[in-house]
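Just so we're aligned: the sequence shown equals residues 342 to 962 in the working numbering.
Notes follow the structure.
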Amino acid sequence: MRAHDREPSDLPLAAAVADLRGYAVFALDGAGVITSWNAGVGVLLGFEEHEFVGRPGAIVFTPEDRAGGADAAEIAAAREWGEARDDRWHVRRDGSRVWVNGVLHAVRTRGGEVVGFLKVMRDQTEKRAAEVRLEEQRSLLDAVLDSLPGAFYMYDGERYVRWNREVERVTGFSATELTSASPTDLVLEGRQVLEHVDEVFRHGQRSVELYVRTKSGALVPYLFTSQRVVLNEQPLVLGLGVDVREQALARQALERFALEQSAIAELAAYSLPATDVRPVLELAAERVAETLGASHVRIVELTEAGPVTRAVAGSPEPLSRAAPGPPGAAGDAVAAGRTGAGNGRDPASSAGADAGAVGASETSAGAGAAPARPAAAAEVQAIPASVLPAVGLGSGVRARIRGHGGSYGYVEVLSVMPDAFSPDDLTFLNSVAFLLAGAIEKQRLQRELERRAENDDLTGLLNRRAFEDRLAAALGRAERQGTRVAVLFLDLDGFKEVNDTLGHQAGDEVLVEVARRVREVVRSWDVVARHGGDEFVLFLPDIASRGEVTHVAERLLEAFRAPFAAAGEVVAVGTTVGIATYPDDGRTAQRLLNAADDAMYLGKANGKSGFIFFGSAPEAG
342 MRAHDREPSD
352 LPLAAAVADL
362 RGYAVFALDG
372 AGVITSWNAG
382 VGVLLGFEEH
392 EFVGRPGAIV
402 FTPEDRAGGA
412 DAAEIAAARE
422 WGEARDDRWH
432 VRRDGSRVWV
442 NGVLHAVRTR
452 GGEVVGFLKV
462 MRDQTEKRAA
472 EVRLEEQRSL
482 LDAVLDSLPG
492 AFYMYDGERY
502 VRWNREVERV
512 TGFSATELTS
522 ASPTDLVLEG
532 RQVLEHVDEV
542 FRHGQRSVEL
552 YVRTKSGALV
562 PYLFTSQRVV
572 LNEQPLVLGL
582 GVDVREQALA
592 RQALERFALE
602 QSAIAELAAY
612 SLPATDVRPV
622 LELAAERVAE
632 TLGASHVRIV
642 ELTEAGPVTR
652 AVAGSPEPLS
662 RAAPGPPGAA
672 GDAVAAGRTG
682 AGNGRDPASS
692 AGADAGAVGA
702 SETSAGAGAA
712 PARPAAAAEV
722 QAIPASVLPA
732 VGLGSGVRAR
742 IRGHGGSYGY
752 VEVLSVMPDA
762 FSPDDLTFLN
772 SVAFLLAGAI
782 EKQRLQRELE
792 RRAENDDLTG
802 LLNRRAFEDR
812 LAAALGRAER
822 QGTRVAVLFL
832 DLDGFKEVND
842 TLGHQAGDEV
852 LVEVARRVRE
862 VVRSWDVVAR
872 HGGDEFVLFL
882 PDIASRGEVT
892 HVAERLLEAF
902 RAPFAAAGEV
912 VAVGTTVGIA
922 TYPDDGRTAQ
932 RLLNAADDAM
942 YLGKANGKSG
952 FIFFGSAPEA
962 G
């Protein structure tokens, strides 16, 4: 074999990624022994170079993964296919674990012989935790359905598409059997149940008492309350079956109970696919008012700006006059970033604020009402009777909307009748609040995931991927409209000295301030991103002339003339700006970025702290 055939063909790749910021990168020889690393390994895994280089790459795998041969399997896959990707837990030097997105590249000679490997790792622990929390919320919603005191089902006219465990327990049929079952298979009165389903599809809601036929042949009387809903343009029948063999309640009470459970089932099903929580809150307010026969219902969300009313059902007039504060007003105010009620954002009176002091022994709905069940007493509180007669009300209750992140708000229910709410009503209200907590938490987590996917965690600017996507879209518009776009690539001058002398925390302070200054300089419609490390990029759409771009570049340089504060010190940091324009210097996002980057490096070589157009001489700042 000739000497040059032994040269690794992928070494340029190694050189390109070895200095990536935010990544841990290390090389291994053909036997899987670590031969080199970058500083990101120390940040991510906690090793010093002498502790890491020369050891088997398997040291970063968990004991259970090593026992299962995951490390060897990864090397084998990379050797055969060129690379191996994984998402798994890895072990840090101190024994703690970090969730990593990684890829192992095979390094080959020009002749194709594998002579080593290159491992690139990125910390995804927070993203993993958020995904786990989202899955937990989905599980919580499933748990709500399973905890309902009845058999919940969802029917699309041809088959059952969803049910809770109670259906399987009562009927004795397995999930597989229920998938292919029809209503006539489960109910004795076949024609009557088909008529019931048809009436629900045509009229919206129906209740009927029928006999469930179990797999063993037993007959059990059930009261079915079904309702038609439309989810994703698909009409469905949602229903709840309640065993009435030992019915001891009056007919009116039973109907109300069934309506409560049907409302919970509808809310649960509606919230499952919902991406916007506002319609869920509005539906909840309507269903609570209808089900409990309440005069007034409002749902309030606690935000960083204070309490905000999100949904109202019934006349809001008594609410504005009574305006009692949230339950546990002191604790909820802390969760919302407030120090007390009555700050002008929500019309809470001092009398209402005292409502938060109602203890568990006072959680009845009105004077003389029966004590609530423990589950309701924990999160549902009575509004003090002393504040209600003055506004024409007889009773009122308030339920916390509480999730993993604390108190998200409350549901307030008022009635002109005294002692209007039974213990079952309080339990129902508590269940509604539980569902709303899941919906709010799911939306907040989803928004956080979306934000993290597009934004740089340190500066809040767009990240590299999001910037390139938006630039590509802007170039498409420019091509259609015949307009021009400028791309500016900024690299900081003197930033390394800040990191070396004052530390990375000080460097982070400078980067945050740089992001702020750049945002202030550019136009509101210009797009700014952190490209990585101490590099920033921006593009200017719809530019009329080169002079317009020059003006922005001059303003950017001027923004760096003022010194920066970092770690209690005053430091000087400048920038060199490379500029490329569409369509003169490229027609794709990558070509323009490369051209702007090339221009920036030429500016660095010619004295720094200035700006330069691609293909032109540098201009001093």
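Even glycine gets a Cβ: it sits at the ideal position worked out from N, Cα and C.
Start-to-end residues for the alpha helix (DSSP H) that takes in residue i
i	result
E899	R887 to A900
F762	It is not in any alpha helix (DSSP H) - F762 carries neither H nor E in the DSSP assignment.
L734	Counting along the chain, L734 falls outside any alpha helix (DSSP H), and DSSP gives it neither H nor E.
A380	A380 to L386
E720	P715 to E720
Delimiting residues of the beta strand (DSSP E) encompassing residue i
i	result
H872	V868 to G873
E645	From DSSP, E645 is part of no beta strand (DSSP E); its letter is neither H nor E.
G844	No beta strand (DSSP E) holds G844; DSSP gives it neither H nor E.
E507	Note, E507: premise wrong, no beta strand (DSSP E); alpha helix (DSSP H) at R506 to T512.
T632	Unbroken run through T632 is the alpha helix (DSSP H), V618 to L633; no beta strand (DSSP E).
E454	Segment: none, E454 is in no beta strand (DSSP E) and carries neither H nor E.
A907	F905 to A907
E876	E876 to I884
E574	It is not in any beta strand (DSSP E) - E574 carries neither H nor E in the DSSP assignment.
A615	Unbroken run through A615: none, as it is neither H nor E.
L833	R825 to D834
L489	Looking at the DSSP string, L489 is not in any beta strand (DSSP E), and its letter there is neither H nor E.
V754	G747 to S756
V912	E910 to V912
Residue from the options with nearest C-alpha to residue i
i	options	result
G398	V384, K460 and P490	K460
H745	S727, G410 and F775	F775
Q784	T616, N840 and L879	T616
P614	S603, Q575 and V455	Q575
V585	G873, V571 and V553	V553
R806	W866, R433 and R793	R793
Q787	L486, E820, E472 and D487	E472
Y751	R741, L770, V757 and E405	R741
I781	L489, V621 and V374	V621
L481	N804, R619, A778 and E895	A778
R887	E910, A907 and P924	P924
G835	V448, V828 and L852	L852
T450	R500, M462 and R420	R420
G498	V890, D539 and T632	D539
L790	D526, L624 and R474	R474
F402	G844, G453, P562 and S437	S437
R743	F458, L770, G944 and F388	L770
Pair within 8 Å by beta-carbon distance, residue i and residue j
i	j	result
S748	L643	yes
E645	R628	no
A635	V754	yes
A856	G801	yes
E424	V444	yes
G371	V441	no
A599	L564	yes
F626	V653	According to the sequence displayed, residue 626 carries Ala and not Phe. Cβ distance < 8 Å, so A626 and V653 count as in contact.
F877	V868	no
R825	T922	yes
V508	A492	yes
A764	G735	The question names Ala, yet the displayed sequence has Pro at residue 764. No, Cβ-Cβ distance for P764 and G735 is not below 8 Å.
A827	I920	yes
V738	A723	yes
G513	S557	yes
V918	L897	yes
R463	L386	no
N799	D832	Note on residue identity: the sequence assigns Leu, not Asn, to residue 799. No; because the gap between Cβ atoms is not below 8 Å, this pair is not in contact.
R506	D487	yes
Identified DSSP bridge partners for residue i
i	result
K460	F367 and L445
S567	R547 and G580
N796	L803
L560	R554
S772	DSSP lists no partner for S772.
D428	N442
S377	A368
Y501	Y496
V638	A654 and V754
G744	G747
Just list the alpha helix (DSSP H) runs in the segment 514-546, keeping only unbroken ones of 4 residues or longer that don't cross its boundaries, in chain order.
Complete alpha helix (DSSP H) runs here, min 4: 516-520, 524-527 and 531-544.
Which complete beta strand (DSSP E) runs does the segment 389-421 hold, if anything under 3 residues is left out?
Secondary structure within the segment 389-421: not one fully enclosed beta strand (DSSP E) run of 3 or more consecutive residues is present.
Suppose only complete runs of 4+ residues qualify. What are the alpha helix (DSSP H) ranges in the segment 914-953, listed by chain order?
Runs of the alpha helix (DSSP H) lying entirely within the segment 914-953, each at least 4 residues long, are 930-946 in chain order.
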